[in-house]
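Residue numbers (UniProt numbering): 1 to 286.
Put into structure tokens, the structure is as follows:
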């Protein structure tokens with residue numbers, strides 16, 4: 001270092017500094033500059049990414065397994081034309097269906113679009129907006145017919161929440177169908193989907209029946225049983241067997257492509273709970 005100091009001083013004609021002073025200055029600079037030892041610094045640079053990469057990969061794997069019901073993983077809402085508008089008029093008389101006393105699921109434009117159950121002793125005079133009918137297998141208590149004229153509102157403001165980009169907001173629409181089908185578990189009987197079921201507004205849904213391919217030995221064993229799927233159509237009688245499932249799903253959902261492990265009870269149940277709602281048939285009370 002003394003040699004370089006001499007050269008420096010001879011070039012600029014400045015007096016040579018004392019050797020101790022020069023060493024002290026260099027030492028102070030090095031002390032200030034070397035806040036982290038070079039060996040430790042290299043280790044941190046090498047080890048830092050190694051510690052972070054597994055965490056990032058693990059997060060990505062965990063995200064793929066999470067059932068997100070918000071805007072990220074959700075289906076888009078139905079077209080506005082399927083949500084907002086007049087209720088389609090129905091001219092079919094349904095003479096062959098022998099409609100009568102029972103429970104009707106009806107859509108109305110009241111309250112910005114509402115869905116309600118109508119307990120009636122007879123067939124309604126106007127069939128517009130009537131999505132489904134359940135003919136009970138046992139007598140329904142008169143209380144249900146008399147209270148509020150038999151009208152039980154299940155959901156309002158359909159025209160607003162069905163336009164939401166968040167899947168969770170729209171789930172209540174499919175839960176209405178679950179509550180309607182629950183009448184079968186209370187009173188037994190037959191289900192009929194009527195003409196407005198296949199029209200819009202309100203937004204169309206798919207009712208998908210899961211039937212076990214074989215009878216499970218126990219009720220608990222049924223969860224792992226494979227089966228077959230079929231969509232319920234309009235204007236025909238549907239009688240559900242014990243333990244059968246009905247998935248209430250968005251009309252735009254390609255549910256077959258989601259069942260990558262084949263048709264089985266577990267995956268079908270999870271699919272319905274994620275995108276819509278799930279109904280399980282039980283023996284009606286006797």
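For each residue, glycine too, the CB sits at the ideal point set by N, CA and C.
- Under the DSSP definition of a beta bridge, residue 264 partners with 226.
- Per the coordinates, the alpha-carbon of residue 136 lies some 34 angstroms from the alpha-carbon of residue 163.
- In the structure shown, the three-state DSSP call for residue 150 is helix.
- By the C-beta criterion, the region 224 to 242 is judged not to be in contact with the region 122 to 129, since fewer than 3 inter-stretch pairs fall below 8 angstroms.
- Excluding five sequence positions before and after residue 159, the CB atoms of its chain that fall closer than 7 angstroms to its own CB belong to 83, 84, 112 and 113, given in chain order.
- DSSP lists 248 as the bridge partner or partners of residue 277.
- Residue 263 sits close to residue 229, with the two beta carbons spaced by under 9 angstroms.
- Nearest Cα to residue 143 within the set 280, 119, 198 and 170: 119.
- For residue 76, the closest C-alpha among the options 107, 252 and 100 is that of 252.
- Taking all protein chains in view, the Cβ of residue 208 is crowded by 16 or more other Cβ atoms within 10 Å, so the residue is classified as buried.
- Residues 136, 137, 138 and 284 of the same chain have their beta carbon placed closer than 7 angstroms to that of residue 188, with the five preceding and five following residues left out of the count.
- With 16 or more other Cβ atoms from the protein chains shown falling within 10 Å of its own Cβ, residue 140 counts as buried.
- Annotated three-state conformation of residue 83 is helix, per DSSP.
- With contacts defined by Cβ atoms closer than 9 angstroms, residue 134 and residue 178 do not form a contacting pair.
- Here DSSP, grouped into helix, strand and coil, assigns residue 259 to coil.
- Residue environment analysis places residue 233 among the exposed positions, since fewer than 16 neighbouring C-beta atoms fall within 10 angstroms of its C-beta.
- In the DSSP assignment, no residue is bridged to residue 176.
- The beta-carbon separation of residue 94 and residue 132, rounded to 12 angstroms, does not stay under the 8 angstroms limit for a contact.
- Annotation: residue 239 is outside any beta strand (DSSP E) and is labelled neither H nor E by DSSP.
- Put simply, the backbone Cα of residue 169 is about 31 angstroms away from that of residue 242.
- For residue 191, the three-state secondary structure derived from DSSP is strand.
- Residue 265 holds the alpha-carbon nearest to the alpha-carbon of residue 226 among 265, 250 and 195.
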